[in-house]
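Residue numbers (our numbering): 256 to 331.
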């Protein structure tokens, strides 16, 4: 039996914000069902974090920049 949840519970299940779920809907990555009142409902069976989160990659910092405000001018 499919279990559908509201956007808040879906965001917790995936570990992302509600805004991210809405953006993924616009991008076509995750399309929720809609109730008669047009509320989003997400199928828990389809909410697999590994489908939406990229695998961690080794990253290197190649540059570092520091910006000072005008108030800090005398400290430079």
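Glycine included, C-beta positions come from ideal geometry on N, C-alpha and C.
Keep in mind the model is a prediction, meaning the values are calculated, not measured.
Would you identify the three-state DSSP class for residue i, choosing helix, strand or coil?
i           : result
residue 196 : Lying outside 256 to 331, the shown extent of the chain, residue 196 is not represented and no answer is given.
residue 298 : strand
Apart from the five residues just before and just after residue i, which ones in its own chain have a Cβ nearer than 7 Å to its Cβ?
i           : result
residue 270 : 304
residue 276 : 262, 265, 266 and 285
Go through its chain and collect everything with a Cβ distance to residue i's Cβ below 8 Å, but skip five positions before and after it.
i           : result
residue 300 : 257 and 258
residue 273 : 262, 263 and 266
So, under 8 Å CB-CB, residue i and residue j are touching, yes? Tell me the CB distance rounded to an integer number of Å.
i           : j           : result
residue 268 : residue 302 : 5 Å
Looking only at its chain, what residues have a beta carbon closer than 6 Å to the beta carbon of residue i, apart from the 5 residues adjacent to it on each side?
i           : result
residue 297 : 260, 265 and 287
residue 320 : none
Checklist entry - Touch check for the region 258-266 and the region 279-296: three-plus C-beta pairs under 8 Å? => result yes
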